[in-house]
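For the sequence shown, the residue numbers in mature numbering (1 follows the signal peptide of the UniProt record, and there is no 0) are -25 to -1, 1 to 155.
A virtual CB, placed ideally from N, CA and C, is assigned to each residue, including glycine.
Computed from a predicted model, the values in this text were never measured in an experiment.
Let me begin by presenting the structure, written as structure tokens, before commenting on it.
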Amino acid sequence: MGLNRGSVALAFLVSLMAIVGACSGAVYRVGDSAGWTDNGSVDYNEWASSKIFHVGDTIVFEYDAQFHNVKQVTHHEFRSCNVTSPKATYSSGSDSITLKRRPTHLYFVCGFPGHCQAGQKVDIRVLPSFLGPTGSPSPSPSGLPQPAHKSAATSALYYSSSLGSVLLVALGLWMVGFAY
């Protein structure tokens, strides 16, 4: 039984979708369900340390734009809550930032008076891009502690990547079956 053009095209499309799905980054909502707020319900240091961010992931800041914004700042500005010359300012109320740079730290604060001082700031440690579900997280440089557990979003990424791999193997076996 030979392969017809429709079967080959379908197999190619499904394979391509599985590969793209397995390679796409995770999406993290800063502060999880609470979002980006200064009401004290989120410890952003704790939130960020419970996640493993990689180049290619996306962080989403959701907030009431009437009362908050997001400013990307330097480490010094982050520590002192100085927002006078940010690297970038976001103010839509739903800002998605893809972590495109090499492994680094990115620092974000709320620029509204008193909010950064009240703890509305987050340090995102970005690791090299995530290449597959079988690898373990990169070791901490300079003895920095590893997060105690993976986030649900990271676990979901591992699951979706594993599922994509299983689907690719199944598709390959299916195609081999048609070839013989």
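Quick check: the region 54 to 64 against the region 8 to 16, are there 3 or more CB pairs under 8 Å? no
Excluding the 5 residues flanking Gly89 on each side, which residues of the same chain have their C-beta closer than 8 Å to its C-beta? Residue 89 sits at position 114 when you count from the first residue of the sequence shown. These residues qualify, in order along the chain: Asp13.
Could you pull out every residue in the same chain whose Cβ sits closer than 6 Å to the Cβ of Gly86, ignoring the five residues on either side in sequence? Against the sequence shown, residue 86 aligns to sequence position 111. The residues are Asn44, Lys46, Val58.
According to DSSP, residues forming a beta bridge with Asp98: Taking the first residue of the sequence shown as 1, we reach residue 98 at position 123. In the DSSP assignment, Asp98 is bridged to Tyr82.
Can you give me the start and stop residues for the alpha helix (DSSP H) that Phe42 sits inside? By 1-based counting over the sequence shown, the position of residue 42 is 67. That residue, Phe42, is in no alpha helix (DSSP H); it is neither H nor E in DSSP.
Here's the rule: buried if 16 or more other CB atoms are within 10 angstroms of the residue's CB, otherwise exposed. What is Ala63? Sequence index remark: in the sequence shown, residue 63 carries index 88 (1-based). Ala63 should be labelled exposed.
With 16 other CB atoms within 10 Å as the buried threshold, where does Asp39 fall? Locating residue 39 in the sequence shown gives position 64, counting from the first residue. Answer is exposed; the Cβ neighbour count stays below 16.
By a C-beta neighbour count over all protein chains shown, 10 Å radius and 16 as the cutoff for buried, is Lys26 buried or exposed? Walking along the sequence shown from the start, residue 26 turns up at place 51. Buried, since its Cβ has 16 or more Cβ neighbours within 10 Å.
For Asp18, I'd like the list of residues in its chain whose CB is within less than 8 Å of its CB, leaving aside the five on either flank, ordered along the chain. For the purposes of this step, residue 18 is taken as the residue at position 43 of the sequence shown. If we look at Asp18 and ignore the five residues flanking it on each side, its Cβ neighbours are Gly94.
Could you give the DSSP three-state label for Tyr65: helix, strand or coil? Along the sequence shown, read from residue 1 onward, the residue named residue 65 stands at position 90. In the structure shown, Tyr65 sits in a strand (DSSP, three-state: E or B).
Local Cβ density within 10 Å of Glu52, reported as buried at 16 or more and exposed below that: In the sequence shown, the residue the question calls residue 52 occupies position 77. Under this definition Glu52 is a buried residue.
Roughly how far, in whole angstroms, is the beta-carbon of Tyr82 from the beta-carbon of Asp98, given that I think they are within contact range, below 8 Å? For this step, residue 82 is matched to residue 107 along the sequence shown. For this step, residue 98 is matched to residue 123 along the sequence shown. Indeed, because the Cβ distance is near 6 Å, the residues count as touching under 8 Å.
Pick helix, strand or coil for His51, following the three-state DSSP scheme. Residue numbering aside, residue 51 sits at position 76 when the sequence shown is read from its first letter. If DSSP states are grouped into helix, strand and coil, His51 belongs with the helices.
Hey, would you say Leu22 sits closer than 8 Å to Gly6, going by beta carbons? By one-based count along the sequence shown, residue 22 stands at place 47. By one-based count along the sequence shown, residue 6 stands at place 31. Note on residue identity: the sequence assigns Trp, not Leu, to residue 22. Cβ distance < 8 Å, so Trp22 and Gly6 count as in contact.
Which of the three DSSP states, helix, strand or coil, is assigned to Tyr38? Taking the first residue of the sequence shown as position 1, residue 38 is located at position 63. Looking at Tyr38 - three-state DSSP - the assignment turns out to be coil, as it is neither helix nor strand.
Taking only three categories from DSSP, how would you classify Ser60? On the sequence shown, residue 60 is found 85 positions in, with the first residue counted as 1. Ser60 falls in the coil class under three-state DSSP.
Taking all protein chains shown into account, do 16 or more other C-beta atoms lie within 10 angstroms of the C-beta of Phe28, making it buried, or fewer, making it exposed? What you label residue 28 is simply residue 53 of the sequence shown in a count that begins at 1. The residue in question, Phe28, is buried, as its Cβ has 16 or more Cβ neighbours within 10 Å.
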